[in-house]
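Chemist: Mind having a look at this structure? Questions to follow.
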Amino acid sequence: MRKKDANPLENFDYLVDCEDFLLYELGRLIDEDRASLDDEEFRRVVDEGIREHVETRLEVRAELAMRLRAAGPAGSRMVPVVEDIEASLSSLAPIVKSYTAYLFRRLEECSGKADDPVGPIADRLFDSLDDRAAVEAALDALGSIRSSVSARVLAHVVSEPMLEEDLEAKAYALVRAMWPLPRHYI
């Protein structure tokens, strides 16, 4: 184990997927120059992320508790709170700081991935609305890519009257199939 850091949660991996809507919201707040814990909406997004990515995932809580125990007396004071599955963790400053720093790092990592296939497919869809075969192929391709970006494109197609009804129904079925399944809560 490396030397005991001032923050044992530095570089902790909270396992946030690049397609997570929370990163999209974080990017929006950064663009609006509102990325500060003093901003009410930014703090709400961080609290929701902690609730979703930390409090509901037992494996993340267990890893946090392990790291805190290894940090010695300073970290072990937080262990009982982290291990209590009903306790809110958004009031623990080290977790908030670590999680927020992680989100910024993760956003930077994910924005570096330029191999997003959704953009060209969406362009083809919107450029060939009169070509039924091209629209069907684009819808099938978008439906096969389970990501928040493809879901937003399909939702736009459904919400705006730009396709024939049967194609709109197909787009609706595809985006509905992407909707997350209900989670069992403890």
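Read in the numbering used here, the sequence shown has 90 at position 94, and its numbers run on one by one without any break. Note that CB positions come from ideal geometry on N, CA and C, so glycine has one too.
(1) I want to know whether the segment 94 to 106 touches the segment 132 to 145 - three or more CB-CB distances under 8 Å.
(2) Can the beta-carbon of phenylalanine 38 be found less than 8 Å from the beta-carbon of arginine 30?
(3) Need the endpoints of the alpha helix (DSSP H) that serine 144 sits in, please.
(4) Taking all protein chains shown into account, decide if arginine 63 is buried (16 or more other Cβ within 10 angstroms of its Cβ) or exposed.
(5) Nearest-angstrom Cα distance between alanine 41 and serine 87?
(6) For glutamate 51, count neighbouring C-beta atoms within 10 Å of its own C-beta (all shown protein chains included) and say buried if the count is 16 or more, exposed if not.
(7) Using CA coordinates, which residue listed in Ile91, Ala83, Cys106 is at the minimum distance from phenylalanine 18?
(8) Rounding to the nearest angstrom, what Cα-Cα distance links arginine 65 and proline 76 in this structure?
(9) At the level of alpha carbons, what is the spacing between glycine 71 and proline 4?
(10) Express the C-alpha separation of threonine 96 and methionine -3 in angstroms, rounding to a whole number.
(11) Can you check whether the CB of valine 153 is closer than 8 Å to the CB of alanine 167?
(12) Sorted by chain position, which residues of the same chain lie with C-beta nearer than 6 Å to isoleucine 91's C-beta, five sequence neighbours on each side aside?
(13) According to DSSP, is aspartate 9 part of a helix, a strand, or is it coil?
(14) Given this structure, state the Cα-to-Cα distance separating serine 155 from glycine 23, to the nearest angstrom.
(15) Once the 5 residues before and after glutamate 160 are set aside, which same chain residues still bring their CB inside 8 Å of it?
Modeler: Taking the geometry as given:
(1) no
(2) Against the sequence shown, residue 38 aligns to sequence position 42. Against the sequence shown, residue 30 aligns to sequence position 34. Yes. Within cutoff.
(3) Here the question's residue 144 lines up with position 148 in the sequence shown. That run of the alpha helix (DSSP H) goes 144 to 155.
(4) For this step, residue 63 is matched to residue 67 along the sequence shown. Answer is buried; the Cβ neighbour count reaches 16.
(5) Counted from its first residue, the sequence shown places residue 41 at position 45. Counted from its first residue, the sequence shown places residue 87 at position 91. The question names alanine, but residue 41 in the sequence shown is valine. In a straight line, the C-alpha of valine 41 is about 14 Å away from that of serine 87.
(6) Counting from 1 along the sequence shown, the entry for residue 51 is found at position 55. Its Cβ being crowded by 16 or more others within 10 Å, glutamate 51 is buried.
(7) Position 22 of the sequence shown, counting from 1, holds the residue named residue 18. The sequence shown places leucine at residue 18, not phenylalanine. It is Cys106 whose Cα lies nearest to the Cα of leucine 18.
(8) The residue given as residue 65 occupies position 69 in the sequence shown. The residue given as residue 76 occupies position 80 in the sequence shown. If I take the Cα positions, the gap works out to 10 Å.
(9) For this step, residue 71 is matched to residue 75 along the sequence shown. For this step, residue 4 is matched to residue 8 along the sequence shown. The alpha-carbon atoms of glycine 71 and proline 4 are separated by roughly 7 Å.
(10) On the sequence shown, position 1 is the one that residue -3 refers to. On the sequence shown, position 100 is the one that residue 96 refers to. Its pLDDT being 44, under 50, methionine -3 is placed unreliably in this model, and the value from its coordinates should be taken loosely. Distance between the alpha carbons of methionine -3 and threonine 96 is about 24 Å.
(11) Your numbering for residue 167 matches position 171 in the sequence shown. Your numbering for residue 153 matches position 157 in the sequence shown. Yes.
(12) By one-based count along the sequence shown, residue 91 stands at place 95. Around isoleucine 91: Leu85.
(13) Counting from 1 along the sequence shown, the entry for residue 9 is found at position 13. Here aspartate 9 sits in coil by DSSP.
(14) Along the sequence shown, read from residue 1 onward, the residue named residue 155 stands at position 159. Along the sequence shown, read from residue 1 onward, the residue named residue 23 stands at position 27. Using only the alpha carbons, I get a separation of about 24 Å.
(15) For the purposes of this step, residue 160 is identified with residue 164 of the sequence shown, where counting begins at 1. Answer for glutamate 160: Arg128, listed in chain order.
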